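Written below as structure tokens is the structure these notes are about.
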Amino acid sequence: MSVSELTLLVLRLGFLLMLWLFIFGIVYALRSDLFGQRVRKQQQDAAASAPPIAFAAAVPTPVPAATLPPAGASATALTEQLTGRPAAPPARSGPERATATNATRLVITSGPKSGTEFPLTSDSVTIGRSGDSSLVIRDDYTSTHHARLMLWNEEWMIQDLDSTNGTFLNGSRLAVPTPVPLNTPVKIGATSFELRR
Amino acid sequence: MMPPSNSRGTATDTAQRPQGAKPGRVRRLHLPQKLRNLELFLLLIACGINAASVVLVQLGALGRIDTTLVLLGAGLSVLVLCLHVVLRVVARDADPFILPIASLLNGIGIAMIYRIDIANNDAGWESAAVRQTVWSALAIACGIAVVLVIRNHRVLFRYTYVAGFIAVVLLLLPLVPGLGREVSGARVWIGIGSFATFQPGEIAKIALAVFFAGYLVRNRDSLSMVGKRLLGMRFPRLRDLGPILVVWALSMSVIIFQRDLGTALLYFGLFLVMLYVATGRLSWVLLGMTLFLGGALIASQTLQYVNGRFTNWLDALNPDVYGASGGSYQLVQGLFGLAKGGLIGTGLGQGRPDITPVPQSDYIIASLGEELGLAGLFAILALYLLFVARGFRIGFAGNDDFGKLLGVGLSFVVALQCFIVIGGVTRVIPLTGLTTPFLAAGGSSLVANWIIAALLLRLSDTLRNQPRLVV
Numbered sequence: 115m116s117v118s119e120l121t122l123l124v125l126r127l128g129f130l131l132m133l134w135l136f137i138f139g140i141v142y143a144l145r146s147d148l149f150g151q152r153v154r155k156q157q158q159d160a161a162a163s164a165p166p167i168a169f170a171a172a173v174p175t176p177v178p179a180a181t182l183p184p185a186g187a188s189a190t191a192l193t194e195q196l197t198g199r200p201a202a203p204p205a206r207s208g209p210e211r212a213t214a215t216n217a218t219r220l221v222i223t224s225g226p227k228s229g230t231e232f233p234l235t236s237d238s239v240t241i242g243r244s245g246d247s248s249l250v251i252r253d254d255y256t257s258t259h260h261a262r263l264m265l266w267n268e269e270w271m272i273q274d275l276d277s278t279n280g281t282f283l284n285g286s287r288l289a290v291p292t293p294v295p296l297n298t299p300v301k302i303g304a305t306s307f308e309l310r311r
Numbered sequence: 072m073m074p075p076s077n078s079r080g081t082a083t084d085t086a087q088r089p090q091g092a093k094p095g096r097v098r099r100l101h102l103p104q105k106l107r108n109l110e111l112f113l114l115l116i117a118c119g120i121n122a123a124s125v126v127l128v129q130l131g132a133l134g135r136i137d138t139t140l141v142l143l144g145a146g147l148s149v150l151v152l153c154l155h156v157v158l159r160v161v162a163r164d165a166d167p168f169i170l171p172i173a174s175l176l177n178g179i180g181i182a183m184i185y186r187i188d189i190a191n192n193d194a195g196w197e198s199a200a201v202r203q204t205v206w207s208a209l210a211i212a213c214g215i216a217v218v219l220v221i222r223n224h225r226v227l228f229r230y231t232y233v234a235g236f237i238a239v240v241l242l243l244l245p246l247v248p249g250l251g252r253e254v255s256g257a258r259v260w261i262g263i264g265s266f267a268t269f270q271p272g273e274i275a276k277i278a279l280a281v282f283f284a285g286y287l288v289r290n291r292d293s294l295s296m297v298g299k300r301l302l303g304m305r306f307p308r309l310r311d312l313g314p315i316l317v318v319w320a321l322s323m324s325v326i327i328f329q330r331d332l333g334t335a336l337l338y339f340g341l342f343l344v345m346l347y348v349a350t351g352r353l354s355w356v357l358l359g360m361t362l363f364l365g366g367a368l369i370a371s372q373t374l375q376y377v378n379g380r381f382t383n384w385l386d387a388l389n390p391d392v393y394g395a396s397g398g399s400y401q402l403v404q405g406l407f408g409l410a411k412g413g414l415i416g417t418g419l420g421q422g423r424p425d426i427t428p429v430p431q432s433d434y435i436i437a438s439l440g441e442e443l444g445l446a447g448l449f450a451i452l453a454l455y456l457l458f459v460a461r462g463f464r465i466g467f468a469g470n471d472d473f474g475k476l477l478g479v480g481l482s483f484v485v486a487l488q489c490f491i492v493i494g495g496v497t498r499v500i501p502l503t504g505l506t507t508p509f510l511a512a513g514g515s516s517l518v519a520n521w522i523i524a525a526l527l528l529r530l531s532d533t534l535r536n537q538p539r540l541v542v
């Protein structure tokens, strides 16, 4: 049996086509990696969007988010309220820093899932819209790889991964990796969270 | 002995796991294994393409379909499906693209080697394609063993210095009299009797990646934090230059004693990239490249074989160089083959890749380029690109420093090896003998690359298997 030239030509073009289809199949399956995760439509109230952190107190939640002071309260007052002892002089030392030993959980304080807790281990916590982040936040304001919480010398630091809309620690936008104090809101997109004991 | 950031992770990992993984476990009972199903789908397509390539080789070279080699294609498919089933059980969340890409490259490699066998009239145990299939079986078995034995990549962190020791021993093995073999000038092989030759340097690159990752996680602070600023870059202190000088000396000794330029470049490049990723400082890369280029220039002036490589590269089409013994004949034949292939190639089994010396190992890229053309060669390069991109992605998304560095190191070593070989064949850089990962005939290379694939699968599984919360 012999095969005609034409059949061979068709077969070899078909083979190249199959190779490329395989590659484009993989690229299609990877599209969220290449073009970013799709934004999930949130409930209308969340679409009104990004409630300032101070309003977290108004959201009924199972966690003691109500202990949050109204807007403008200083972070020292917060520590005082929570620990029950007078805070250190406000000049140099702010609230107690979150370390590997004193912070055990991350609590969402505002946004659609407020009240949810997330256990902290010694691993870093990646935050972003991408499906393999530890804390996946799917809203319009979050970047695919937005920020990262990590332990540096036993102390929790937050690092903004060059996100579009920024990461806010206690209201100010992060430029460099910054230590996270306990019970201080970190805001990413429409969600804010705190590190707690 | 462990740095602060990792000590807790290693010590309490098992204790924390059940608590952290609980929500995930419950969820998985209800959800189908989406990632594994995607992998199976892609794997079946890859096996189909592999079978098609063998059939096309037979149609093109023999003009008929022969059933003998169907066994080869089927054997590889069964093996990769075994690995897939193992992943379903022990690494459910592993990356779904690595296995299909590696299988496809391996299968195309076997088809091409089989095509060269037909041209050389090799059959049975003489046939390189049969041996390549047996080696693939062994390599995939090694991969399965790695996935089964290493349940968490952090285990490797404990064996950092053991890995470094193993790497040095493997590198030195070919120099042991009676055990080492010299093949076409390079002393990088070991053999027992006349049978079973092996290139221990291929395995050494994995051990080196583990060692570099562990070492840099432990010591990177002293390598990155201190030093003088000069020209807008922070240069390291003299006393911190120890590690880079040791690795440099190691790769220079590979050039001098084993006469293997490519392997030296591979090891040094691996160290440099991992150092850069660990410290984030460009000054290390500049320093390292200056060191290596300086060393290579001196070697090209003093060592005969390195000098010959440079002449062949710069003056390849000169008739004197072309005709000389050890000249550029092979390189230019490869280029002619690539030119003959054109845009869509001569078709599998219809070119003459066997004219080039060693068309099934070092020159498999030229053989594939001739028969599949530019379109096919770019498809193969795209497969490598995707493989390496997945590795970097795993490293990027990792949440422990050791895993990050290991992922980047392992995938970069594949990328660099591709660059050295394909760059050499296409005359971008001087030609050095290295194997094209997964494609080229050669057992040690296959074993090493399947172990790399298995380690990347394990890394990606640990990565997705962490506690997570979706808002």
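Residue numbers (this note's numbering), protein chains in the order written: chain A, 115 to 311; chain B, 72 to 542. Beta carbons are placed, not taken as given, at the ideal position from N, Cα and C, and that holds for glycine. Note that the structure is a prediction, hence the values are computed from the model and not measured.
Cβ-based burial, residue i [other Cβ within 10 Å; buried from 16]
i      : result
B:Y455 : buried
B:F363 : buried
B:Q375 : exposed
A:E119 : exposed
B:G412 : buried
B:I493 : buried
B:R310 : exposed
B:L368 : exposed
B:S124 : buried
B:E441 : buried
A:S247 : buried
Beta carbon proximity, residue i to chain B, threshold 8 angstroms
i      : result
A:P295 : no
A:W134 : yes
A:T230 : yes
A:K227 : yes
A:A143 : yes
A:V290 : no
A:A170 : Confidence at A:A170 is low in this model, with a pLDDT of 37, below 50, so its placement is unreliable and no value can be given for it.
A:I272 : no
A:R219 : no
A:P166 : Residue placement at A:P166 is flagged as unreliable, the pLDDT there being 39, under the threshold of 50; the coordinate-derived value follows with that caveat. It does not; no Cβ of chain B falls within 8 angstroms.
Cutoff 8 angstroms: residue i Cβ touching any chain A Cβ
i      : result
B:A120 : The question names Ala, but residue 120 of chain B in the sequence shown is Ile. Yes - at least one Cβ of chain A is within 8 angstroms of the one on B:I120.
B:N470 : yes
B:R124 : According to the sequence displayed, residue 124 of chain B carries Ser and not Arg. It does; some Cβ of chain A falls within 8 angstroms.
B:A450 : yes
B:A117 : yes
B:M73  : The pLDDT assigned to B:M73 is 37, lower than 50, so where the model puts this residue is not dependable, and the model offers no usable value.
B:L113 : yes
Three-state secondary structure assigned by DSSP to residue i
i      : result
B:V247 : coil
B:E110 : helix
A:A168 : Note that A:A168 has pLDDT 38, beneath the 50 cutoff, so the model's placement of it is unreliable and the number below is only indicative. Three-state result, A:A168: helix.
B:V126 : helix
B:P424 : helix
A:S306 : strand
B:Q270 : coil
A:K227 : coil
B:Q203 : helix
B:I500 : coil
A:T240 : strand
A:D254 : coil
A:M132 : helix
B:A145 : helix
B:A511 : coil
A:E268 : coil
B:R330 : coil
A:P295 : strand
B:L540 : strand
is_contact[residue i, chain E] using C-beta, thresh 8 angstroms
i      : result
B:V542 : This model lacks chain E altogether; the protein chains it does include are A and B.
Beta-bridge pairing of residue i - partner residues as DSSP gives them
i      : result
A:R287 : A:F282
A:L263 : A:V239, A:I272
Closer than 7 angstroms: residue i CB and nearest the ligand MN heavy atom
i      : result
B:V160 : Only the bare structure without any ligand can be found here, which leaves the ligand MN out of the picture.
(message) If contact is defined by three or more beta carbon pairs under 8 angstroms, each pair taking one atom from either stretch, is the segment 197–211 of chain B in contact with the segment 176–187 of chain B?
(response) Yes: the two stretches touch, three or more of their Cβ pairs being nearer than 8 angstroms.
(request) Assess, as a yes-or-no matter, whether the segment 418–425 of chain B is touched by the segment 131–143 of chain A under the definition of 3 or more beta carbon pairs within less than 8 angstroms. (result) Taking a contact to require three or more Cβ pairs closer than 8 angstroms, the segment 131–143 of chain A and the segment 418–425 of chain B do not qualify as touching.
(request) Taking 8 angstroms as the threshold, find out whether the segment 462–482 of chain B comes into contact with the segment 174–183 of chain B through three or more Cβ pairs. (result) With a cut-off of 8 angstroms, the segment 174–183 of chain B and the segment 462–482 of chain B do not count as touching, because too few Cβ pairs lie within range.
(message) When you compare the segment 150–162 of chain B with the segment 218–235 of chain B, are there three or more beta-carbon pairs, one atom per stretch, that lie closer than 8 angstroms?
(response) Segment contact: the segment 150–162 of chain B against the segment 218–235 of chain B, three or more CB-CB distances shorter than 8 angstroms; contact assigned.
(message) Taking contact to mean 3 or more Cβ pairs, one atom from each stretch, closer than 8 angstroms, check whether the segment 279–291 of chain B and the segment 332–344 of chain B are in contact.
(response) Yes, the segment 279–291 of chain B is in contact with the segment 332–344 of chain B.
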